[in-house]
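Numbering (the working numbering), first residue to last: 242 to 421.
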């Protein structure tokens with residue numbers, strides 16, 4: 242059971258947020274990295290595979306155990322698996338073209354991805370609270386979330402500062418050419 246928890250925390254609880262951070266901060270702005278998409282896909286695919294293995298073992302153990310039944314944890318796990326599968330299938334359903342449809346697919350992908358991350362975090366804590374050695378697992382995952390959160394916050398602050406500096410530079414450039 243410990244291996245299943247470790248894989249859930251590593252797969253869905255760590256790799257998926259890293260993939261989201263990669264897509265948000267390394268696609269264009271503030272850092273342009275040409276490999277952002279492959280890193281995003283590798284993190285998301287790896288998180289999905291590892292998380293799904295943990296989910297399958299958790300479903301098996303939950304079905305075989307008469308004593309352990311946590312309906313909230315089970316239902317959240319099924320929702321998470323469904324959302325994650327939809328996100329993975331989105332790689333193959335990416336629309337091509339210049340019409341407005343790709344814009345809405347992108348919005349849905351972002352909303353579903355953020356909902357998936359939030360539900361995953363909630364479900365990991367829900368599962369941890371019902372296990373032995375809960376404090377150890379809880380503080381381990383809190384530490385992981387703190388590292389991810391501080392990283393995302395630092396990148397977001399850097400993004401705001403860089404955007405403000407670019408706006409100021411554009412304002413100065415436009416004033417330089419329009420002065421009498």
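We put the CB at the ideal spot given by N, CA and C, even for glycine.
When you compare the CB positions of residue i and residue j, do they come within less than 7 Å of one another, or not?
i           : j           : result
residue 277 : residue 267 : yes
residue 448 : residue 358 : Since the first residue shown for the chain is 242 and the last is 421, residue 448 is missing from the structure and cannot be characterised.
residue 422 : residue 299 : Residue 422 lies beyond the residue range present for the chain, which begins at 242 and ends at 421; the question has no answer from this structure.
residue 261 : residue 318 : no
residue 304 : residue 371 : no
Reducing DSSP to helix, strand and coil, say where residue i ends up.
i           : result
residue 269 : coil
residue 373 : coil
residue 334 : coil
Quick check: the Cα distance between residue i and residue j, rounded to an integer number of angstroms?
i           : j           : result
residue 408 : residue 274 : 22 Å
residue 368 : residue 387 : 19 Å
residue 295 : residue 389 : 21 Å
residue 412 : residue 404 : 12 Å
residue 290 : residue 265 : 22 Å
residue 362 : residue 410 : 40 Å
residue 406 : residue 323 : 42 Å
Buried or exposed for residue i, going by 16 or more other Cβ atoms inside 10 Å?
i           : result
residue 321 : buried
residue 240 : Because the chain in this structure spans residues 242 to 421, residue 240 falls outside the shown range and cannot be described.
residue 314 : buried
residue 401 : exposed
Taking contact to mean at least 3 C-beta pairs separated by less than 8 Å, is the region 375-392 in contact with the region 323-332?
no
Is the region 392-401 touching the region 274-289, taking contact as three or more C-beta pairs under 8 Å?
no
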